[in-house]
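Chemist: Going by our numbering, the sequence shown opens with residue 238, and the numbers climb by one from there.
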Amino acid sequence: MVKRTLLSCLCMFLAVAGMSQNVYLFAYFKGNGEDGLHLAYSKDGYNWSALKGDSSFLTPTVSKDKLMRDPCIIRGGDGLFHMVWTVSWNDKGIGYASSKDLVHWSEQAFIPVMAKEDSARNCWAPEITYDAPSKTYMIYWATTISGQFKETAASKEAGYNHRMYYVTTKDFKTYSETKLLYNPGFNVIDATIVKDGARYMMVMKDETIEPPAKYLRLAYSSKLTGPYTKAGPSITGKYWAEGPTTVKIGNTWLIYFDKYTEHKYGAISSADGKEWKDISDKISLPKGIRHGTIFTVSEKEFSRLLH
Numbered sequence: 238m239v240k241r242t243l244l245s246c247l248c249m250f251l252a253v254a255g256m257s258q259n260v261y262l263f264a265y266f267k268g269n270g271e272d273g274l275h276l277a278y279s280k281d282g283y284n285w286s287a288l289k290g291d292s293s294f295l296t297p298t299v300s301k302d303k304l305m306r307d308p309c310i311i312r313g314g315d316g317l318f319h320m321v322w323t324v325s326w327n328d329k330g331i332g333y334a335s336s337k338d339l340v341h342w343s344e345q346a347f348i349p350v351m352a353k354e355d356s357a358r359n360c361w362a363p364e365i366t367y368d369a370p371s372k373t374y375m376i377y378w379a380t381t382i383s384g385q386f387k388e389t390a391a392s393k394e395a396g397y398n399h400r401m402y403y404v405t406t407k408d409f410k411t412y413s414e415t416k417l418l419y420n421p422g423f424n425v426i427d428a429t430i431v432k433d434g435a436r437y438m439m440v441m442k443d444e445t446i447e448p449p450a451k452y453l454r455l456a457y458s459s460k461l462t463g464p465y466t467k468a469g470p471s472i473t474g475k476y477w478a479e480g481p482t483t484v485k486i487g488n489t490w491l492i493y494f495d496k497y498t499e500h501k502y503g504a505i506s507s508a509d510g511k512e513w514k515d516i517s518d519k520i521s522l523p524k525g526i527r528h529g530t531i532f533t534v535s536e537k538e539f540s541r542l543l544h
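1) Which ranges would you report for the beta strand (DSSP E) in the segment 391–435 if only whole runs of at least 3 residues count?
2) Please return the same chain residues whose Cβ sits closer than 6 angstroms to the Cβ of T406, not counting the five positions on each side in sequence.
3) May I ask you to verify whether the segment 326–335 touches the segment 382–400, counting CB pairs closer than 8 angstroms and requiring at least 3?
4) Near S336, which residues of its chain fall below 6 angstroms by C-beta distance, leaving aside the five closest residues on each side in sequence?
5) Among the candidates A428, Y278, G314, whose CA atom is the shortest distance from the CA of R454?
6) Would you please verify whether the beta carbon of V440 is less than 8 angstroms from any beta carbon of chain C?
7) Return yes when the Cβ of I505 is within less than 8 angstroms of the Cβ of I472, no when it is not.
8) Measure the alpha-carbon distance for E447 versus V404 and round it to whole angstroms.
9) Cβ of A468 within 8 angstroms of Cβ of P523?
10) Using DSSP with H/G/I as helix, E/B as strand and the rest coil, what is T483?
11) By Cβ distance, which residues of its chain are closer than 6 angstroms to P282, with the 5 residues on each side in sequence left out?
12) Leaving out five residues before and five after G474 in sequence, what residues of the same chain have Cβ atoms less than 7 angstroms from its Cβ?
13) At which residues does the alpha helix (DSSP H) containing E364 begin and terminate?
14) What first and last residue would you give for the beta strand (DSSP E) that runs through K545?
15) Could you work out which residue in I492, Q345, S507, K537 is closest to G529 when comparing CA atoms only?
16) Would you kindly work out how many angstroms separate the C-alpha atoms of R306 and D291, rounded to a whole number?
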């Protein structure tokens with residue numbers, strides 16, 4: 238009986254030891270996004286190291302400007318990695334590509350999400366969130382449409398006055414009509430949406446120009462496509478923050494963001510989503526990292542990125 242128990246314990250230990258441990262990856266860009274996709278990794282979610290000598294994994298090819306800013310990568314329900322990105326400062330579409338291994342990518346596609354809107358000025362910081370029950374992907378981004386939302390118009394910063402828009406797709410071949418996702422009553426950009434229990438949590442940047450806000454806020458919805466609640470108060474400090482991305486480690490939420498006027502990254506953490514603590518002194522990232530997203534891969538998938 239004792240031998241059988243010891244054998245069972247040994248088998249359990251070997252099984253646990255052989256389990257794959259997820260590795261955190263950070264997809265980001267550098268400079269103006271002209272050289273493409275960069276990846277960094279972390280085993281603890283706090284300390285990050287660049288992969289491939291901090292050189293690009295994918296060179297941008299679409300749009301007249303051929304940029305790859307604000308890359309967002311998620312693992313889809315089909316097991317593929319799906320990526321969208323900002324292709325230009327002033328274009329009416331976004332970039333899209335997919336990959337099985339983050340090394341070999343599909344042909345890059347230009348998705349003209351705002352082509353039917355004559356007064357659309359841009360499509361910034363697109364992201365994807367997957368709704369598993371309906372097997373639907375929502376792609377969303379910030380756009381300024383000249384002449385709309387005049388109540389929050391400003392003369393500074395080229396008069397940009399954004400709201401969040403979206404399309405849905407099941408296969409990245411056909412897309413729904415573009416719709417307004419979120420009008421919080423202020424200039425808003427850089428939204429990222431994650432599942433938080435039974436609800437969806439949107440982290441966004443308040444881009445109010447006069448007087449400047451430039452901080453992160455939260456909103457919630459029971460459905461991915463909304464409606465979302467009124468935006469809550471600022472969750473970041475007395476600095477300008479943008480490009481949030483989230484990761485949950487155990488029961489703790491971490492939100493990373495670009496302290497872009499200080500040319501460095503910051504982070505906040507929370508166990509309940511209400512009280513947020515600045516942990517910027519506890520993180521380390523590659524020099525020059527810009528707006529991106531965090532996702533996870535297996536140890537086996539990670540090992541392929543090292544060759």
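Virtual Cβ for every residue (Gly too), placed ideally from N, Cα, C.
Modeler: Checking against the coordinates, here is how it stands:
1) If we require 3 residues or more, the beta strand (DSSP E) runs fully inside the segment 391–435 come out as 399–406, 416–419, 425–433.
2) So the list reads Y374, Y412, once near-sequence residues are dropped.
3) Pairwise C-beta distances place the segment 326–335 out of contact with the segment 382–400, as fewer than three of them are shorter than 8 angstroms.
4) The residues are F318, W342.
5) Ranking the options by Cα distance to R454, first place goes to A428.
6) Looking for chain C here will not work: only one protein chain is present.
7) Between I472 and I505, the CB-CB gap stays under 8 angstroms.
8) Going from the Cα of E447 to the Cα of V404 covers about 30 angstroms.
9) Contact: no.
10) T483: strand per DSSP, three-state reduction.
11) Before going on, a small fix: residue 282 reads as Gly here, not Pro. So the list reads Y261, V484, I486, once near-sequence residues are dropped.
12) Excluding residues within five positions, the ones whose Cβ falls inside 7 angstroms are D515.
13) That residue, E364, is in no alpha helix (DSSP H); its beta strand (DSSP E) goes 361–368.
14) Nothing about residue 545 can be read from this structure; the chain reaches only from 238 to 544.
15) Checked all of I492, Q345, S507, K537; the closest Cα to G529 is I492.
16) When only Cα atoms are considered, R306 and D291 end up about 15 angstroms apart.
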